[in-house]
Amino acid sequence: LALFVSISGLVLGFAFMIGTASSKYFEGLLFILVRRPYGIGDCIHVSDPNSDTSYTGSAFWYVEDITLFSTQVRYFYTNERASLSNGSLANSRIINSSRSYNAGVYHYLKLPLDVPYEK
21 LALFVSISGL
31 VLGFAFMIGT
41 ASSKYFEGLL
51 FILVRRPYGI
61 GDCIHVSDPN
71 SDTSYTGSAF
81 WYVEDITLFS
91 TQVRYFYTNE
101 RASLSNGSLA
111 NSRIINSSRS
121 YNAGVYHYLK
131 LPLDVPYEK
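Using the working numbering, read the sequence shown as starting at 21 and increasing by one per residue.
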């Protein structure tokens, strides 16, 4: 009986230690296999689902590789590479500009103009 109690205590403690990690893993696994919000080569923006996106545009990442654990992305402007956990992406807002066919692109140009006040 003492051996059973000690083994069950170890199993219960181990379950509490890896509970969050295994939960994130399965959440990321279902996220990639079921939802499929993006593919390799897509241009995505990742943000907090509780905040509004900027009306001036968003910083975009190119998806380079997708595995069961993580997604490798490259930043659009600086070619910076990052690895994002699929479990954390499952709780984020993902805007996929490659699948947004009616998206508008705005370019703001600022040109200096030197005009004298009086001619």
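In this text, a Cβ means the ideal position worked out from N, Cα and C, and glycines have one as well.
As the structure is a computational prediction, the values presented were derived from the model and not from experiment.
Between L49 and L88, the CB-CB gap stays under 8 Å. Under the DSSP assignment, S28 falls in the alpha helix (DSSP H) whose first and last residues are A22 to L50. With distances taken between CA atoms, D85 lies nearest to C63 out of D72, C63 and N70. In the DSSP assignment, N106 falls within the alpha helix (DSSP H) that extends over N106 to L109. DSSP places R113 inside the beta strand (DSSP E), whose first and last residues are R113 to N116. Per DSSP, Y82 is one residue of the beta strand (DSSP E) stretching across W81 to I86. CA-CA distance, N106 to Y128, rounds to 34 Å. Counting along the chain, I64 sits inside the beta strand (DSSP E) bounded by residues C63 to S67. By the beta-carbon neighbour count (other beta carbons within 10 angstroms, threshold 16), T40 is exposed. Fewer than three pairs of CB atoms, one per stretch, sit closer than 8 Å, so the region 26-42 makes no contact with the region 87-102.
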